[in-house]
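First to last, the protein sequences are chains A and B.
The opening residue of the first sequence carries number 333 in my numbering; numbering runs sequentially from there.
The opening residue of the second sequence carries number 12 in my numbering; numbering runs sequentially from there.
We treat Cβ as the ideally placed atom computed from N, Cα and C, and that holds for glycine.
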Amino acid sequence: MIARRLRASLKGWGGVGAMLSVCVLAVAFALLLPLTHAPVDSAPGSGSTRLAEATQAKADTCGKHPEQLSPQPSGDESGPAVTAVKQRGYLSVGVDQNSYRWGYRDPNSSGGDLEGFDIDLAHEIARQLLGDPNAVRFHAIPTNQRIPAIKSGQLDMVVRTMTITCDRLKEVAFSDPYFATGQQVLAPKASGITGYDSSLAGKKICTAEGSTANTALTQDKKNHKLAASTDISTTVPNQLDCLVKLQLGEVDAIVTDGALAASQAAQDPTVELKGKPFTTEYYGVAMNKGAGDLVRRVNQVLVDYRKDGWQTSYDKWLSPTLGTDSAASRPPSS
Amino acid sequence: MTHPQQSGAPPATPTMPDAPARATAGSGGRRAAVPQDPPGPPSRTAFAEGADRLRSAATTEPGRLRVIGAVLALLVIAFGAVTAWQMTDRSNAADDVLHSSQPLSAGAADIYRSLADANTTASSGFLAGGQEPRATTERYDRDIRTAAAGLVTAAASTEPGSPSAATITKLNKLLPEYKGLIERARANNRQGFPVGGAYLRTANEVMQKQMLPAAQDLYTKENERLRSDYADATPYPWFAIALGVLALAALGWTQRRNYRRTNRLLNRGLVAATAASAIVLLWTVVGHSVARAGLNASYDHGVRSLNVLHDARIASLNARGNENLTLVSRGAETKQLPDGTVEDAYDYAFQQDMKTLSAGLAKAVTLADDQTGRAPVTAATGNMKVWQQRHKQARTADDDGNYQAALNKIIGSAADQPTGECFDSVDENLAKALGHEESEFQHRAGDGRNAIAGLPVGAAVLAVLAASGALLGIGRRLSEYR
Chain A
333 MIARRLRASL
343 KGWGGVGAML
353 SVCVLAVAFA
363 LLLPLTHAPV
373 DSAPGSGSTR
383 LAEATQAKAD
393 TCGKHPEQLS
403 PQPSGDESGP
413 AVTAVKQRGY
423 LSVGVDQNSY
433 RWGYRDPNSS
443 GGDLEGFDID
453 LAHEIARQLL
463 GDPNAVRFHA
473 IPTNQRIPAI
483 KSGQLDMVVR
493 TMTITCDRLK
503 EVAFSDPYFA
513 TGQQVLAPKA
523 SGITGYDSSL
533 AGKKICTAEG
543 STANTALTQD
553 KKNHKLAAST
563 DISTTVPNQL
573 DCLVKLQLGE
583 VDAIVTDGAL
593 AASQAAQDPT
603 VELKGKPFTT
613 EYYGVAMNKG
623 AGDLVRRVNQ
633 VLVDYRKDGW
643 QTSYDKWLSP
653 TLGTDSAASR
663 PPSS
Chain B
12 MTHPQQSGAP
22 PATPTMPDAP
32 ARATAGSGGR
42 RAAVPQDPPG
52 PPSRTAFAEG
62 ADRLRSAATT
72 EPGRLRVIGA
82 VLALLVIAFG
92 AVTAWQMTDR
102 SNAADDVLHS
112 SQPLSAGAAD
122 IYRSLADANT
132 TASSGFLAGG
142 QEPRATTERY
152 DRDIRTAAAG
162 LVTAAASTEP
172 GSPSAATITK
182 LNKLLPEYKG
192 LIERARANNR
202 QGFPVGGAYL
212 RTANEVMQKQ
222 MLPAAQDLYT
232 KENERLRSDY
242 ADATPYPWFA
252 IALGVLALAA
262 LGWTQRRNYR
272 RTNRLLNRGL
282 VAATAASAIV
292 LLWTVVGHSV
302 ARAGLNASYD
312 HGVRSLNVLH
322 DARIASLNAR
332 GNENLTLVSR
342 GAETKQLPDG
352 TVEDAYDYAF
362 QQDMKTLSAG
372 LAKAVTLADD
382 QTGRAPVTAA
392 TGNMKVWQQR
402 HKQARTADDD
412 GNYQAALNKI
422 IGSAADQPTG
432 ECFDSVDENL
442 AKALGHEESE
452 FQHRAGDGRN
462 AIAGLPVGAA
472 VLAVLAASGA
482 LLGIGRRLSE
492 YR
């Protein structure tokens, strides 16, 4: 929210603001250059604007708003990456098949087709790029294979509840955000847990191995933001295994992305999201760093999608657990 | 005829010192001949007294004859007793191999197989969707029942407090837990919730990490028991054989001595004793050699093949289960290999199981000793190769994003040429091979055991006859001294 307002105000100041920021950036650039020459080397794409953007990323120390670093949307389809996709005739998209309402297979539907919010977006990208929403080949990939599969060129993109982070930006390019979420607590409705607060004292919390939630909990426990009596030792290979443990009574609460927590809550009417998200994160479509033209094209798709399609998909998959008001989940419009 | 029987029967009681006394009772020398029954002075020990008497008795020929008779009877009875004892041990062990430890080992293998089969079947049914095919549910239920019944049988023949008992308790505890997880998986799958897949993976983990190792442990322990029964049944009864040779030598020496002193060629009693002892010795050596050969053959041709085939069958079951899970939960779990590449955990496990299966089948072919045994194993190897090809096609389809094609390739109808067909054929052929090896085992071990069946009793009876003969023969000589 703050970010959006900030950006809006920057836009309002127009040229003056831009001039000012360029000056600031130049100083920052000059200061940072002697420390490391990595920023220049790892700048994606080409051309002076991209260099400036990449520099801005580093100068911004990325930390605060990695979701604002994607290149400007463009409907241009003459770039090499977009051309390659068009020639091939289909999109290769990495997705999840175990995230209810995001990317999953309904075992009771006949074709066994994947469905969910992520899947809708992938179909929309295919529709705009290739004129056919079904010109997609879905690959169910594990969480830890999202980046390698993009880097190896096996996939055009990954639409798999993937949070835009600075670390990941070093390895892949992200589209503009398509969903806003944050780490959130999921617990049985009847439990006394009220959110990410002191009510977690003495409780057992489950997180997925190596997840953002796990890192956040470990940090917060060290900083005493989390009660020392909170047991965060339970980790599982897949976030969904946490729901199994919760249902079996082996843990008291789950911490995961709010969006995924909602997907879990949708499978069990006795649990619910507790409190507000305690971090702010954005999901983006991950693509190869070299495919700048594809990233821009996808950003253009997202501009259109936010206007038409996003809300429909949200209503269909997410409103039952995330609430009918989608304002909190809507990504900032760039 | 009545006379020899009367005087011959008592020595059957193994209190040997009595034997010469009774034997000579017929010829009237009873008191003088009893060395261990002296009314000796109280200042001397009974043993010293007896030794003195023996020494004084040995100075006269009748005295010597009595001593010789006593020693002969003692040797022959000892020979018979030791033979009966050693062969009873072996015969019992052979019986255990046939009727106790091998069936228990097969029972443990059956528990192991049923559990693995239940796990595989559960994942197949899961893949088919919320409404599981009836055949799958029935097969799963049958497997669970077989495993539960097998555990009861195994428990009945296990010592309380033994490691096997602990393993059985563990399995008994885990079985309902596993079933509960499967039911939860099914209930969620019916509603189309992916958490059903997570339950299935949890159940699979309980099976793979806890239950199957426990079942394998039980199987290994039963196999150890089988091995130790084999070890008890097969060694030569050297003690009995040595005593037999000694008894025969003593009988021969006595007859030679008789011949030298009396110039009579034959003493009927001693000849009968020699013949009876020789029969016992021959019977023991030949009978045991045959039994040993039969048992060894039953191990080499039956048990070893059975073990290898059981292992192969389990590997094939696990491979099938992992193949199913690869589709159920593609990407839910990964495994990092030492070289840094990351693979789907279930696909990796599938590859490992296939390697085990392939190695097991190759070994089973070399162990199979006839065409009937080899044919099903060769057929299973062929099925396995087709399975691997089709699996590759299924994986390619899945990797290309064509889930339905991949699913059809795994559990589809015959027209899809699914891997399920190959798995079923492998399982069927392995069952056939197991049946053959089982009957091979029964046949050879049965032959082996029959070869020594009457030996313990026969040895005892013949030894009594031989001892009587020896005493009669000596008694005959003694009667000449009246």
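Can you tell me which residues form a DSSP beta bridge with residue i?
| i | result |
| --- | --- |
| B/A104 | Its beta-bridge partners do not exist; DSSP assigns none. |
| A/V468 | A/L423 |
| A/L446 | A/R437 |
| A/Q515 | A/D589 |
| B/K346 | B/E354 |
| A/E604 | A/A519 |
| A/M489 | A/V425 and A/M619 |
| A/E541 | Answer is none; A/E541 lacks a bridge partner. |
| A/A668 | Any property of residue 668 of chain A remains undetermined from this structure, which presents chain A solely from 333 to 666. |
Leaving out five residues before and five after residue i in sequence, what residues of the same chain have Cβ atoms less than 6 Å from its Cβ?
| i | result |
| --- | --- |
| B/R195 | Y210 |
| B/V301 | A462 |
| B/A5 | Summary: the structure shown does not reach residue 5 of chain B, with chain B confined to residues 12 through 493, and so no result is reported for it. |
Is the Cβ of residue i closer than 7 Å to any Cβ of chain A?
| i | result |
| --- | --- |
| B/E429 | A small fix is needed here, since residue 429 of chain B is Pro in this sequence, not Glu. Taking Cβ atoms only, chain A never reaches closer than 7 Å to B/P429, which makes this a no. |
| B/V376 | no |
| B/N200 | yes |
| B/D411 | yes |
| B/Q415 | yes |
| B/T345 | yes |
| B/Y310 | no |
| B/T148 | no |
| B/G371 | no |
| B/F434 | no |
| B/Y359 | no |
| B/V206 | yes |
| B/Y189 | no |
| B/Y210 | yes |
| B/L418 | yes |
| B/G313 | no |
Quick check: is the beta carbon of residue i nearer than 7 Å to any beta carbon in chain B?
| i | result |
| --- | --- |
| A/Y615 | no |
| A/N466 | no |
| A/P366 | Note that A/P366 scores 44 on pLDDT, short of 50, meaning its location in the model is unreliable; the coordinates nonetheless yield the value given after this. No, A/P366 lies away from the interface with chain B (no Cβ there is under 7 Å from its Cβ). |
| A/T653 | no |
| A/D452 | no |
| A/V491 | no |
| A/D438 | yes |
| A/S380 | Interpretation of A/S380 is limited by its pLDDT of 41, a score under 50 that renders its predicted location unreliable; no figure is taken from the coordinates. |
| A/V372 | Low local confidence applies: a pLDDT of 38 at A/V372 is under 50, so the model's placement there is unreliable, with the coordinate-based value given in what follows. So, not an interface residue. |
| A/L575 | yes |
In whole angstroms, give me the CA-to-CA distance for residue i and residue j.
| i | j | result |
| --- | --- | --- |
| B/V224 | B/G203 | Reading off the sequence shown, one finds Pro at residue 224 of chain B, where the question assumed Val. So the alpha carbons of these two residues sit roughly 32 Å apart. |
| A/Q388 | A/S410 | Caution applies to A/Q388, whose pLDDT of 44 falls short of 50 and renders its modelled position unreliable; the value that the coordinates give is listed next. Between A/Q388 and A/S410, the C-alpha separation is close to 27 Å. |
| A/V414 | A/Q632 | 13 Å |
| B/Y123 | B/T157 | 10 Å |
| A/Q596 | A/I586 | 10 Å |
| A/L580 | B/L192 | 9 Å |
| B/P205 | B/G172 | 43 Å |
| A/G463 | A/E456 | 9 Å |
| B/R41 | B/G74 | Unreliable positioning characterises B/R41 in this predicted model, as indicated by a pLDDT of 42, which lies under 50. The coordinate reading is nonetheless provided below. Near 12 Å, if we compare the C-alpha coordinates of B/G74 and B/R41. |
| B/G486 | B/V87 | 16 Å |
| B/K366 | B/N329 | 12 Å |
Here's a check: name, in chain order, each residue in its chain whose Cβ is nearer than 8 Å to the Cβ of residue i, leaving out the five neighbours to either side.
| i | result |
| --- | --- |
| B/T345 | V353, E354, D355 and A356 |
Got a sec? Which residues, its chain only, sit under 7 Å from residue i by beta carbon, not counting five neighbours each side?
| i | result |
| --- | --- |
| A/V627 | S402, P403, A505, S507 and M619 |
| A/T381 | Below a pLDDT of 50, predicted positions are generally treated as unreliable, and A/T381, at 43, falls in that range; the measurement from the model is reported next regardless. If we look at A/T381 and ignore the five residues flanking it on each side, it has no Cβ neighbours. |
| A/A659 | none |
| A/Q435 | It is Gly, not Gln, that sits at residue 435 of chain A in the sequence shown. So the list reads V427, D428, Q429, L446, G448, D450, I451 and R492, once near-sequence residues are dropped. |
In chain D, which residues lie less than 9 Å from residue i when you measure between Cβ atoms?
| i | result |
| --- | --- |
| A/Y432 | Absent from the structure: chain D. Protein chains present are A and B. |
Does the pairing of the segment 90-109 of chain B with the segment 281-298 of chain B give three or more beta-carbon distances under 8 Å?
-> yes
Would you call the segment 267-287 of chain B and the segment 110-119 of chain B touching, i.e. three or more CB-CB distances under 8 Å?
-> Taking a cut-off of 8 Å on C-beta distances, the segment 267-287 of chain B does not touch the segment 110-119 of chain B, as fewer than three cross pairs fall below it.
Is the segment 607-623 of chain A touching the segment 507-521 of chain A, taking contact as three or more C-beta pairs under 8 Å?
-> yes
Between the segment 572-579 of chain A and the segment 555-564 of chain A, do at least 3 Cβ pairs fall closer than 8 Å?
-> no
Are at least three pairs of beta-carbons, each pair with one atom in the segment 462-481 of chain A and one in the segment 427-446 of chain A, less than 8 Å apart?
-> yes
Check whether the segment 471-484 of chain B touches the segment 324-331 of chain B, taking contact to mean three or more Cβ pairs, one atom from each stretch, closer than 8 Å.
-> no
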